[in-house]
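J.: Structure incoming, see below.
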Amino acid sequence: MKRPKLKKASKRMSCAKRFKIQKKIREHHRKVRKEAKKSGIRRKIKKDIGVPNSAPFKEEVLREAEQRKQELEELKEKNRLTKQKERAEKRKKGKEESGEDTRAKKKKVKKEEKVKAQREARAAVAKSKSSKKFRCSELNKVIEASDVILEVLDSRDPMGCRCPQLEEAVLKHEGKKRLLFVLNKIDLVPKDNLQNWVQFLQTQCPTFAFKSSAHLQDRTVLEKKQRAANCIIEQTRAGASFGCDSLMQTLNHLADNQSSETMLKVGVVGFPNVGKSSIINTLKGIRACNAGVQPGLTKCMQEVHISKNVKMIDCPAIVAAPSNSGEKLVLRSLQLDSKEQSPLDGVKTVLKQCNQQQIMLHYNVPDYRNSLEFLTFFAQKRGLLQKGALPNTEQAATVFLNDWTGAKLSFYSKVPEREGLPPHLTEAMVTEMQTGVELDRLKMANEQIIKRVRNPKLSATIVFNSKGMTAGILNVGEIPEEKHTLGEEEEEIEGDEDGEEDDDDDDDDDDMLEETEEVEDIEEIETPDPKETQTQKTCNQKKGNTNRASFNIDLLAAQKNDDDAYDFSTDFV
Numbered sequence: 001m002k003r004p005k006l007k008k009a010s011k012r013m014s015c016a017k018r019f020k021i022q023k024k025i026r027e028h029h030r031k032v033r034k035e036a037k038k039s040g041i042r043r044k045i046k047k048d049i050g051v052p053n054s055a056p057f058k059e060e061v062l063r064e065a066e067q068r069k070q071e072l073e074e075l076k077e078k079n080r081l082t083k084q085k086e087r088a089e090k091r092k093k094g095k096e097e098s099g100e101d102t103r104a105k106k107k108k109v110k111k112e113e114k115v116k117a118q119r120e121a122r123a124a125v126a127k128s129k130s131s132k133k134f135r136c137s138e139l140n141k142v143i144e145a146s147d148v149i150l151e152v153l154d155s156r157d158p159m160g161c162r163c164p165q166l167e168e169a170v171l172k173h174e175g176k177k178r179l180l181f182v183l184n185k186i187d188l189v190p191k192d193n194l195q196n197w198v199q200f201l202q203t204q205c206p207t208f209a210f211k212s213s214a215h216l217q218d219r220t221v222l223e224k225k226q227r228a229a230n231c232i233i234e235q236t237r238a239g240a241s242f243g244c245d246s247l248m249q250t251l252n253h254l255a256d257n258q259s260s261e262t263m264l265k266v267g268v269v270g271f272p273n274v275g276k277s278s279i280i281n282t283l284k285g286i287r288a289c290n291a292g293v294q295p296g297l298t299k300c301m302q303e304v305h306i307s308k309n310v311k312m313i314d315c316p317a318i319v320a321a322p323s324n325s326g327e328k329l330v331l332r333s334l335q336l337d338s339k340e341q342s343p344l345d346g347v348k349t350v351l352k353q354c355n356q357q358q359i360m361l362h363y364n365v366p367d368y369r370n371s372l373e374f375l376t377f378f379a380q381k382r383g384l385l386q387k388g389a390l391p392n393t394e395q396a397a398t399v400f401l402n403d404w405t406g407a408k409l410s411f412y413s414k415v416p417e418r419e420g421l422p423p424h425l426t427e428a429m430v431t432e433m434q435t436g437v438e439l440d441r442l443k444m445a446n447e448q449i450i451k452r453v454r455n456p457k458l459s460a461t462i463v464f465n466s467k468g469m470t471a472g473i474l475n476v477g478e479i480p481e482e483k484h485t486l487g488e489e490e491e492e493i494e495g496d497e498d499g500e501e502d503d504d505d506d507d508d509d510d511d512m513l514e515e516t517e518e519v520e521d522i523e524e525i526e527t528p529d530p531k532e533t534q535t536q537k538t539c540n541q542k543k544g545n546t547n548r549a550s551f552n553i554d555l556l557a558a559q560k561n562d563d564d565a566y567d568f569s570t571d572f573v
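Last residue of the sequence shown: number 573 in the UniProt record's numbering, and the count goes up by one each step with no gaps.
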């Protein structure tokens, strides 16, 4: 019987059962012997008596027997040698197979090295594509190949998203190329502020109010048709889009009026995170371009056919000039991507341009004195903690800046009070850009879009002080050389190699380093000043000067003055 929690049943049995089995076995053996006795079968084999002496030819018989015995031994030895040969051949085959295994291993290693080289080549290509020179060259290609340039502006900071160098490069072609403004992310600013910005920008260039859809997951036109057939309609705030009809009507009208029979090429340009790829995806109806919160996802120019007459060209972001202020570069995430500035410094520059009370109300944090204290409260609120329940300020700074650069946070900048054209524009250029565009229809369409879109309340937004237009670089020669920063793995490898080479040198220089460190430690120690008053100490604390701890250097003298010191000259019993 198999007991519970045991893999096999036990072999133990009762004594009565065991004795019964033994009895049955004895009876069976007895029956077998009896039947064998009746049939004449004997169990014992008779012993060979050999050749009797009375047998004739006894010597010949014995000789034949001896000869037969030798033949059997020879046959046995022959079999043993053949078996040895077979084993040797097997061993040889095994070695050959192992050699084939080594060849297969070598082929595998070569294949891995080839794959690694391909990965490195792809990484080098991606690095070259992400460089500023490549982005600048791609932008120039898009400007040259396009008939209409759509400069995408973030409605939260439209003036900061404008690039005067880009507008000058487009307007230099004297009517051959058109410039249009697309005011994107209109659902993130208050309605009154949006109306003022549309009116202000309309006086300089035809402006389209636009809101792109953020829930486009279709990769092909077939998926889009299947979604339409299943009546799956996005009813959420992020899924709805506004401004597609008015923009497409204007582009189709320009395509019909152009002299050539080719398609109208529309280049979509702008700074990072303004929504260039999202606008193309919204007009196409599927996810044709890669779009996301992370800046710099678009590596090179990409053509997308929107209709029979219109073709759009997506391009990388504009390269900002290093002469811009820190506030402009932080909002465009330009210094953070190139690792020229840490996220903590970026948060510090952003908080300087915002109202502290609005920041406290929006993020639900208490009163803070500086950016580091704000990031501490923000990390505790979001649960961004390190080991030991310490707030992770760097991660909190990254999350905070992603909210500002992405389409998540609602902040706005005020319209400039001074009405006038910027230095790079003239009234002739404005009239030239407005020709061919039905301004009355565009104005009515923008008003309808502003009425339909859901805007945040004024109390739920943050006022941001804009710093004006952001200067960009279009000439590749003006871009400064980028410094190559080693990764962590490369630094570890180089550190190990340098450590192996410099072991001998380090042994020679240990004494010198110890002497210099002792001298520096003695210079850093300060002796207490008895004349310093309590008021001077409080003043130093207010200024942020930390008082260094002072102590006596002579340890032997301190040991003599200490009553509890052990005296080795006396014996204690």
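Each residue gets a CB set at the ideal place from its N, CA and C atoms; glycine is no exception.
Just so we're clear, the structure is a prediction, and the values are computed from it rather than from any experiment.
Assign asparagine 79 to one of three DSSP states: helix, strand, or coil.
T.: The residue given as residue 79 occupies position 79 in the sequence shown. Of the three classes helix, strand and coil, the one that applies to asparagine 79 here is helix, per DSSP.
J.: Can the beta-carbon of valine 347 be found less than 8 Å from the beta-carbon of alanine 397?
T.: Numbered from 1 along the sequence shown, position 347 holds the residue referred to as residue 347. Numbered from 1 along the sequence shown, position 397 holds the residue referred to as residue 397. Yes.
J.: Taking the alpha helix (DSSP H) that lysine 191 belongs to, which residues open and close that run?
T.: Taking the sequence shown and counting its residues from 1, the one referred to as residue 191 is at position 191. Counting along the chain, the alpha helix (DSSP H) containing lysine 191 begins and ends at 191-202.
J.: In the DSSP assignment, find the unbroken beta strand (DSSP E) run with lysine 446 in it and report its ends.
T.: On the sequence shown, position 446 is the one that residue 446 refers to. Note on residue identity: the sequence assigns asparagine, not lysine, to residue 446. Looking at the DSSP string, asparagine 446 is not in any beta strand (DSSP E); the run it does join, the alpha helix (DSSP H), is 439-452.
J.: Report back the beta-carbon spacing between valine 182 and arginine 156 to the nearest angstrom; my notes put them in contact at under 8 Å.
T.: The residue labelled residue 182 in the question sits at position 182 within the sequence shown. The residue labelled residue 156 in the question sits at position 156 within the sequence shown. Actually they are not in contact, since the Cβ atoms of valine 182 and arginine 156 sit about 14 Å apart, beyond 8 Å.
J.: DSSP puts threonine 461 in a beta bridge; with which residues?
T.: Within the sequence shown, residue 461 is the residue found at index 461, counting from 1. Partner(s): none; threonine 461 has no beta bridge.
J.: Can you name the residues that DSSP bridges to methionine 312?
T.: Working through the sequence shown from its first residue, we reach residue 312 at position 312. Beta-bridge pairing links methionine 312 to Val266, Val304.
J.: Going by beta carbon distance, what residues of the same chain come within less than 6 Å of serine 14, once the five residues before and after it are set aside?
T.: Position 14 of the sequence shown, counted from the start, is the residue given in the question as residue 14. Cβ within range, chain order: n/a, list empty.
J.: Run through DSSP, which three-state label would asparagine 273 get?
T.: Position 273 of the sequence shown holds residue 273. Coil.
J.: Does the beta-carbon distance from glycine 160 to serine 466 come in below 8 Å?
T.: In the sequence shown, the residue the question calls residue 160 occupies position 160. In the sequence shown, the residue the question calls residue 466 occupies position 466. Result yes, Cβ atoms of glycine 160 and serine 466 sit closer than 8 Å.
J.: Measure the alpha-carbon distance for aspartate 245 versus aspartate 367 and round it to whole angstroms.
T.: Translated into positions along the sequence shown, residue 245 becomes position 245. Translated into positions along the sequence shown, residue 367 becomes position 367. Computed Cα separation, rounded: 46 Å.
J.: Quick check: the Cα distance between arginine 454 and phenylalanine 242, rounded to an integer number of angstroms?
T.: Mapped onto the sequence shown, residue 454 falls at position 454. Mapped onto the sequence shown, residue 242 falls at position 242. Cα-Cα distance, rounded: 11 Å.
J.: Using a Cβ-Cβ cutoff of less than 7 Å, which residues in the same chain neighbour lysine 38 once the five nearest sequence positions on both sides are dropped?
T.: As a first step, residue 38 is located in the sequence shown; it is residue number 38 there, counting from the start. Excluding positions up to five away in sequence, the list is empty.
J.: The beta strand (DSSP E) spanning leucine 179 covers which residue range?
T.: Here residue 179 refers to the residue found at position 179 of the sequence shown. Residues 178-184.
J.: If you drop the 5 nearest sequence neighbours on each side, which residues of the same chain put their C-beta closer than 8 Å to that of serine 146?
T.: Working through the sequence shown from its first residue, we reach residue 146 at position 146. Result list for serine 146: Lys177, Lys265, Val266, Gly267, Ile313, in chain order.
J.: Quick check: the Cα distance between alanine 16 and lysine 23, rounded to an integer number of angstroms?
T.: As a first step, residue 16 must be located in the sequence shown, where it is residue number 16. As a first step, residue 23 must be located in the sequence shown, where it is residue number 23. Cα to Cα, alanine 16 sits roughly 11 Å from lysine 23.
J.: Closest to proline 164 by CA distance: which of Leu421, Glu447, Thr435 is it?
T.: Here residue 164 corresponds to residue number 164 of the sequence shown, with the count starting at 1. Checking every option, the nearest Cα to that of proline 164 belongs to Leu421.
J.: Could you give the C-beta distance for alanine 320 and threonine 470, rounded to a whole number, given that I count them as a contact under 8 Å?
T.: Position 320 of the sequence shown holds residue 320. Position 470 of the sequence shown holds residue 470. At roughly 6 Å, the Cβ-Cβ gap stays under 8 Å, so alanine 320 and threonine 470 are in contact.
J.: What separation, rounded to the nearest whole angstrom, lies between the Cα atoms of leucine 180 and cysteine 354?
T.: Here residue 180 is taken as the residue at index 180 of the sequence shown, counted from 1. Here residue 354 is taken as the residue at index 354 of the sequence shown, counted from 1. Cα to Cα, the separation comes out at about 30 Å.
J.: Given this structure, state the Cα-to-Cα distance separating glutamate 96 from lysine 105, to the nearest angstrom.
T.: As a first step, residue 96 must be located in the sequence shown, where it is residue number 96. As a first step, residue 105 must be located in the sequence shown, where it is residue number 105. Cα to Cα, the separation comes out at about 14 Å.
J.: DSSP on residue 598, reduced to helix/strand/coil?
T.: Residue coverage of the chain in this structure runs from 1 to 573, which leaves residue 598 outside it and unanswerable.
J.: Below 6 Å CB to CB, which residues in the same chain sit around glutamate 432 once its five sequence neighbours on both sides are set aside?
T.: Along the sequence shown, read from residue 1 onward, the residue named residue 432 stands at position 432. Gly175.
J.: Give me the DSSP bridge partner(s) of cysteine 244.
T.: As a first step, residue 244 must be located in the sequence shown, where it is residue number 244. Paired residues: none, contrary to the question.
J.: Which of the three DSSP states is assigned to glutamate 151 in this structure?
T.: The count along the sequence shown starts at 1 and reaches residue 151 at position 151. The answer is strand: DSSP assigns glutamate 151 an E or B state.
J.: With a Cβ-Cβ cutoff of 8 Å, do isoleucine 279 and phenylalanine 210 count as a contact?
T.: Position 279 of the sequence shown holds residue 279. Position 210 of the sequence shown holds residue 210. It is a contact, given that the beta carbons lie within the stated cut-off.
J.: What first and last residue would you give for the alpha helix (DSSP H) that runs through glutamine 380?
T.: Locating residue 380 in the sequence shown gives position 380, where the first residue counts as 1. Per DSSP, glutamine 380 belongs to the alpha helix (DSSP H) from 371-382.
J.: Run through DSSP, which three-state label would valine 319 get?
T.: Here residue 319 corresponds to residue number 319 of the sequence shown, with the count starting at 1. Reduced to three states, the DSSP call for valine 319 is strand.
J.: What are the boundary residues of the alpha helix (DSSP H) that includes threonine 393?
T.: Residue 393 sits at position 393 when you count from the first residue of the sequence shown. Counting along the chain, the alpha helix (DSSP H) containing threonine 393 begins and ends at 393-405.
J.: Could you give the distance in angstroms between the alpha-carbon of asparagine 402 and the alpha-carbon of alanine 124?
T.: Here residue 402 corresponds to residue number 402 of the sequence shown, with the count starting at 1. Here residue 124 corresponds to residue number 124 of the sequence shown, with the count starting at 1. About 27 Å.
J.: Which one or two residues does DSSP pair with isoleucine 473 in a beta bridge?
T.: Stepping through the sequence shown from its first residue, residue 473 is reached at position 473. Answer is Val319.
J.: According to DSSP, which residues form a beta bridge with tyrosine 412?
T.: Looking up residue 412 in the sequence shown gives position 412. Tyrosine 412 is bridged to Val463.
J.: Report the rounded CA-to-CA distance for lysine 352 versus leucine 254, giving the unit in angstroms.
T.: As a first step, residue 352 is located in the sequence shown; it is residue number 352 there, counting from the start. As a first step, residue 254 is located in the sequence shown; it is residue number 254 there, counting from the start. Distance between the alpha carbons of lysine 352 and leucine 254 is about 44 Å.
J.: I need the straight-line Cα distance from arginine 103 to proline 343, nearest angstrom please.
T.: In the sequence shown, residue 103 corresponds to position 103, counting from 1. In the sequence shown, residue 343 corresponds to position 343, counting from 1. The alpha-carbon atoms of arginine 103 and proline 343 are separated by roughly 51 Å.
J.: If we ignore side chains and look at the alpha-carbon of each, how far apart do lysine 92 and phenylalanine 19 end up?
T.: Stepping through the sequence shown from its first residue, residue 92 is reached at position 92. Stepping through the sequence shown from its first residue, residue 19 is reached at position 19. Computed Cα separation, rounded: 58 Å.
J.: Might you give, ordered along the chain, the residues of its own chain that have their beta carbon closer than 8 Å to the beta carbon of methionine 360, omitting 5 neighbours on each side?
T.: Here residue 360 corresponds to residue number 360 of the sequence shown, with the count starting at 1. Within the same chain, methionine 360 has close Cβ partners Pro366, Asp367, Tyr368.
J.: Keeping to the same chain, check which residues put their C-beta closer than 7 Å to that of arginine 12; ignore five residues upstream and five downstream.
T.: On the sequence shown, position 12 is the one that residue 12 refers to. Cβ within range, chain order: n/a, list empty.
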